[in-house]
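Residue numbers (the numbering used here): 4 to 83.
Have a look at this one:
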């Protein structure tokens with residue numbers, strides 16, 4: 004894999020990790036706010052939407068990560 008692809012692979016890995024952490028934080032906040040007496044339906048809906056959007060982006064980056072892994076594996080098989 005070229006140095007350029009290695010750099011972008013590292014960025015994808017970091018992004019996946021960051022999105023996973025953010026998603027866990029949003030889920031925790033959503034649970035806390037859902038149990039709260041002062042949470043509005045709009046706030047909960049927005050948190051759910053944020054969670055869904057972040058999950059969609061995370062899936063896209065996870066797919067990119069799998070594509071990088073497949074490329075590395077194919078290159079290893081060819082050179083081996």
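Cβ coordinates follow ideal geometry from the N, Cα and C atoms, glycine included.
Neighbourhood of residue 58 by C-beta distance below 8 Å, restricted to the same chain and skipping five residues each side: Result list for residue 58: 26, in chain order.
Below 8 Å on the Cβ atoms is my guess for residue 15 versus residue 71; work out the distance and round it to an integer in Å. Contact holds; Cβ gap of about 6 Å.
Since residue 22 and residue 67 are thought to touch, with beta carbons under 8 Å apart, how far apart are those beta carbons, to the nearest angstrom? Rounded, the Cβ-Cβ distance is 12 Å, inconsistent with contact.
From residue 91 to residue 78, what does the alpha carbon distance come to, in whole angstroms? Missing from the structure shown is residue 91; the chain here goes from 4 to 83 and no further.
How would you label residue 49, buried or exposed, when you count the other beta carbons within 10 angstroms and need 16 or more for buried? Classification of residue 49: exposed, given that the 10 Å Cβ count is below 16.
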